[in-house]
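Numbering (numbering that gives the first Met the number 0), first residue to last: 0 to 367.
Ideal Cβ placement from N, Cα and C applies to all residues, glycine included.
All values derive from a computational prediction rather than experimental measurement.
This report concerns only the one structure given below.
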Amino acid sequence: MSRPTTVHIRLDAFRHNYRMAKQQLAGKALAVIKANAYGHGAVHCAKALKNEADGFAVATLEEALQLREAGIADPILLLEGFFAAAELSVIVQHDLCLVVHAPWQVDILLAAKLARAVPVWLKMDSGMHRLGLSPHAYIKAYQQLKGHHNVASIVPMTHLANADNLSSGHTMQQLAVFQTTLADLPTAHTSSVANSAAILAWPQLNQVINTKQHWSRPGIMLYGAHPIMQPVQPDLLEPVMHFSSRIIALRQLEKGDAIGYGSLFTADKAMRIGVVACGYADGYPRSAQTGTPIAVDGTMTRLLGCVSMDMLYVDLSDIPTAGLNSQVELWGKQVPANWVAQSAGTIAYELFCNVKRAHFDYFDPANI
Ligand SMILES: *Cc1c(COP(=O)(O)O)cnc(C)c1O
């Protein structure tokens with residue numbers, strides 16, 4: 000039998016979560032499937048939304064081309080635009096949409112010789128200070144690009160830095176900067192603002208933007224992880240990734256016995272533990288602490304000691320029926336990825352992106 004470390008991907012849950020995103024905020028939604036769909040498999044995820052997604056968003060040209068090669072014909076937005084002028088002809092050839100976020104990109108786009116005009120998503124830095132043109136530079140760039148023969152259309156966009164923090168005033172400040180700047184421009188606008196946290200937690204968005212003409216950009220929520228740790232509607236989303244393995248060895252510890260590298264965990268009583276075939280080389284975080292939730296044969300228990308490259312330890316003291324070959328859920332339905340992330344000092348985004356080496360299997364009831 001091969002190593003039992005498995006990533007089971009529920010594409011029906013992915014579809015469900017996309018529908019929830021559209022239900023929460025009217026308008027259109029680009030499914031964000033950058034970084035191989037947050038580790039879930041971009042082509043599988045895109046195909047699961049065939050004839051349903053309004054479009055997709057990725058970070059790199061390579062990610063976009065992978066989707067085109069797989070036959071995905073929907074709109075695809077490059078979230079960082081182009082990195083070098085030479086990419087523009089490929090972008091036109093494959094009918095991709097482009098974020099323009101910096102003056103140097105505006106200059107290159109205006110000067111380029113293109114076979115066709117490209118749809119542009121012009122990004123404003125409304126206060127996150129990562130990508131985007133400052134409000135002042137934005138107006139100038141908008142006027143230069145509007146009607147230019149290389150530009151098919153312009154969707155104003157911005158990105159929120161603190162939408163996952165319900166008590167932060169920054170979100171409304173950013174929205175105000177965005178709206179005030181756009182008000183100085185001549186035409187009525189579509190726009191694109193909301194990430195998952197904004198979709199799920201900021202109904203005030205409806206008062207600020209015209210949601211009917213809005214393109215939201217859900218990412219993490221599509222994978223079933225809530226961007227807010229104590230969500231108002233915890234059951235709205237369904238987990239997509241089910242990361243599991245099995246117990247491959249058992250140990251009986253006496254009081255005072257320590258386990259694993261660094262002897263990080265010492266038994267304070269006689270206890271039974273299991274060794275699980277999953278480690279940090281599979282993407283389970285090495286920073287996860289003793290006590291991190293983990294499920295064995297459907298019963299919640301805890302991680303013990305130091306995670307190794309290929310293995311980790313679970314407490315079986317209260318699960319006498321568990322033994323060799325018992326099923327272990329690292330995260331999924333019973334153990335939300337957010338719980339593991341919290342215990343490891345990170346976020347579910349990073350856990351998902353890091354999963355590797357394990358065997359991936361895909362389930363879509365619509366295709367069986
Ligand atoms: C990654 C990304 C998103 C998606 O964010 P989530 O928090 O995963 O919903 C949206 N917009 C931009 C610009 C991004 O880079």
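Helix, strand or coil, according to DSSP, for Ala28 in the structure here? Position 29 of the sequence shown holds residue 28. The answer is strand: DSSP assigns Ala28 an E or B state.
Using a 10 Å radius around the Cβ and a threshold of 16 neighbouring Cβ atoms, would you call Gln22 buried or exposed? Translated into positions along the sequence shown, residue 22 becomes position 23. Answer is exposed; the Cβ neighbour count stays below 16.
Kindly indicate which three-state DSSP category Cys277 falls into: helix, strand or coil? If you number the sequence shown from 1, residue 277 lands on position 278. The answer is coil: DSSP assigns Cys277 none of H, G, I, E or B.
Going by DSSP, name the residue or residues bridged to Ile272. As a first step, residue 272 is located in the sequence shown; it is residue number 273 there, counting from the start. Arg250 and Asp314.
Is the beta carbon of Leu302 sitting closer than 8 Å to the one on Leu315? Along the sequence shown, read from residue 1 onward, the residue named residue 302 stands at position 303. Along the sequence shown, read from residue 1 onward, the residue named residue 315 stands at position 316. No, the pair does not count as a contact, with Cβ atoms beyond the cut-off.
Is it buried or exposed, Glu328, if we count other Cβ atoms within 10 angstroms and call 16 or more buried? For this step, residue 328 is matched to residue 329 along the sequence shown. Its Cβ being crowded by 16 or more others within 10 Å, Glu328 is buried.
Measuring alpha carbon to alpha carbon, tell me which residue in Ile32, Tyr222, Leu87 and Asn337 is nearest Asn16. Translated into positions along the sequence shown, residue 16 becomes position 17. Here the closest residue by C-alpha is Tyr222.
For Leu130, which residues in the same chain have their Cβ closer than 8 Å to its Cβ, ignoring the five residues on either side in sequence? Numbered from its first residue, the sequence shown carries residue 130 at position 131. Cβ within range, chain order: Glu79, Val98, His100, Ala101, Lys122, Asp124 and His158.
Is Arg67 near ligand 1, in the sense that its beta carbon is under 7 Å from a heavy atom of that ligand? As a first step, residue 67 must be located in the sequence shown, where it is residue number 68. Outside the cutoff, so no.
Alpha carbon to alpha carbon, how far is His213 from Leu113? Give it in angstroms, no decimals. Taking the sequence shown and counting its residues from 1, one reaches residue 113 at position 114. Taking the sequence shown and counting its residues from 1, one reaches residue 213 at position 214. Cα to Cα, the separation comes out at about 28 Å.
Considering just the uninterrupted stretch of the beta strand (DSSP E) at Phe177, what are its terminal residues? Stepping through the sequence shown from its first residue, residue 177 is reached at position 178. Per DSSP, Phe177 belongs to no beta strand (DSSP E); it is in the alpha helix (DSSP H), His169 to Ala182.
On the DSSP letters alone, give me the boundaries of the alpha helix (DSSP H) that Ile138 sits inside. Here the question's residue 138 lines up with position 139 in the sequence shown. Pro134 to Leu144 is the extent of the alpha helix (DSSP H) around Ile138.
Ser195 and Met156 look like a contact to me (Cβ under 8 Å); what is the Cβ gap, rounded to whole Å? Translated into positions along the sequence shown, residue 195 becomes position 196. Translated into positions along the sequence shown, residue 156 becomes position 157. That pair is no contact at about 15 Å.
Does the separation of the CB atoms of Thr298 and Ile318 fall below 8 Å? What you label residue 298 is simply residue 299 of the sequence shown in a count that begins at 1. What you label residue 318 is simply residue 319 of the sequence shown in a count that begins at 1. For Thr298 and Ile318, yes; Cβs fall inside 8 Å.
With 16 as the cutoff for other CB atoms within 10 Å, does Ser1 come out buried or exposed? Here residue 1 refers to the residue found at position 2 when the sequence shown is read from its first residue. Exposed: under 16 other Cβ atoms inside 10 Å.
Among Gly322, Gln288, Ile293 and Gly282, the one whose alpha carbon lies nearest that of Ala357: Counting from 1 along the sequence shown, the entry for residue 357 is found at position 358. Ranking Gly322, Gln288, Ile293 and Gly282 by Cα distance to Ala357 puts Gly282 first.
Please tell me whether, using a cut-off of 7 Å, the distance from the CB of Ile428 to the nearest non-hydrogen atom of ligand 1 is below it. Only positions 0 to 367 of the chain appear in this structure, which leaves residue 428 out of reach.
Using 8 Å as the threshold, is the C-beta distance between Asn149 and Val117 below it? Indexing the sequence shown from 1 puts residue 149 at position 150. Indexing the sequence shown from 1 puts residue 117 at position 118. Cβ atoms of Asn149 and Val117: closer than 8 Å.
Mark Arg216 as exposed unless 16 or more other C-beta atoms lie within 10 angstroms of its C-beta, in which case mark it buried. If you number the sequence shown from 1, residue 216 lands on position 217. Counting Cβ neighbours within 10 Å, Arg216 comes out buried, since at least 16 surround it.
Beta carbon of Lys27: closer than 7 Å to some heavy atom of ligand 1? Counted from its first residue, the sequence shown places residue 27 at position 28. False, no ligand heavy atom lies under 7 Å from that Cβ.
To which residues of the same chain is His370 closer than 6 Å at the C-beta, ignoring the five residues directly before and after it? The question about residue 370 has no answer here: the residues shown for the chain are numbered 0 through 367.
Rounded to whole angstroms, what's the CA-CA distance from Thr289 to Ala321? Just pull it up for me. Sequence index remark: in the sequence shown, residue 289 carries index 290 (1-based). Sequence index remark: in the sequence shown, residue 321 carries index 322 (1-based). When rounded, the distance between both Cα atoms is 19 Å.
State the CB to CB distance for the pair His169 and Leu199, rounded to an integer number of angstroms; the pair is presumed to be in contact (CB under 8 Å). For the purposes of this step, residue 169 is taken as the residue at position 170 of the sequence shown. For the purposes of this step, residue 199 is taken as the residue at position 200 of the sequence shown. With a Cβ gap of about 17 Å, His169 and Leu199 do not count as contacting.
Between the CA atoms of Leu87 and Phe81 - distance to the nearest angstrom: Locating residue 81 in the sequence shown gives position 82, where the first residue counts as 1. Locating residue 87 in the sequence shown gives position 88, where the first residue counts as 1. Their backbone Cα atoms lie some 7 Å apart in a straight line.
For the candidate residues Ile219, Leu236 and Tyr348, whose alpha-carbon lies nearest to that of Val31? Here residue 31 is taken as the residue at index 32 of the sequence shown, counted from 1. Closest by alpha carbon: Ile219.
Could you name the residues that DSSP lists as bridge partners for Val6? Mapped onto the sequence shown, residue 6 falls at position 7. In the DSSP output, where bridge partners are listed per residue, Val6 has Phe242 and Phe359.
With C-beta atoms as the reference, is Ala41 less than 8 Å away from Glu62? If you number the sequence shown from 1, residue 41 lands on position 42. If you number the sequence shown from 1, residue 62 lands on position 63. Taking 8 Å as the Cβ cut-off, Ala41 and Glu62 qualify as a contacting pair.
Contacting residues, own chain, Cβ-Cβ under 8 Å from Thr210 (five flanking each side not counted): For the purposes of this step, residue 210 is identified with residue 211 of the sequence shown, where counting begins at 1. Leu24, Ala25, Gly26 and Leu204.
Starting from Cys96, trace the beta strand (DSSP E) both ways and give me its first and last residue. Translated into the one-based positions of the sequence shown, residue 96 becomes position 97. Its beta strand (DSSP E) spans residues Cys96 to Val99.
How about Asn194: is its Cβ closer than 7 Å to a heavy atom in ligand 1? What you label residue 194 is simply residue 195 of the sequence shown in a count that begins at 1. Yes, since a heavy atom of ligand 1 falls inside the 7 Å radius drawn around the Cβ of Asn194.
Relative to ligand 1, is the shortest distance from any of its heavy atoms to the C-beta of Leu78 smaller than 7 Å? Numbered from 1 along the sequence shown, position 79 holds the residue referred to as residue 78. Within the cutoff, so yes.
Stretch-stretch touch, CB-based, cutoff 8 Å, three pairs: the region 226-246 with the region 328-348: yes
Given a threshold of 16 other Cβ atoms within 10 Å of its Cβ, counted over all protein chains shown, does Phe13 qualify as buried or as exposed? Locating residue 13 in the sequence shown gives position 14, where the first residue counts as 1. So Phe13 ends up on the buried side.
Out of Ala136, Leu29, His43 and Leu165, which has the shortest C-alpha to C-alpha gap to Gly54? Residue mapping note: residue 54 aligns to position 55 of the sequence shown, counting from 1. Cα-wise, what sits closest to Gly54 is Leu29.
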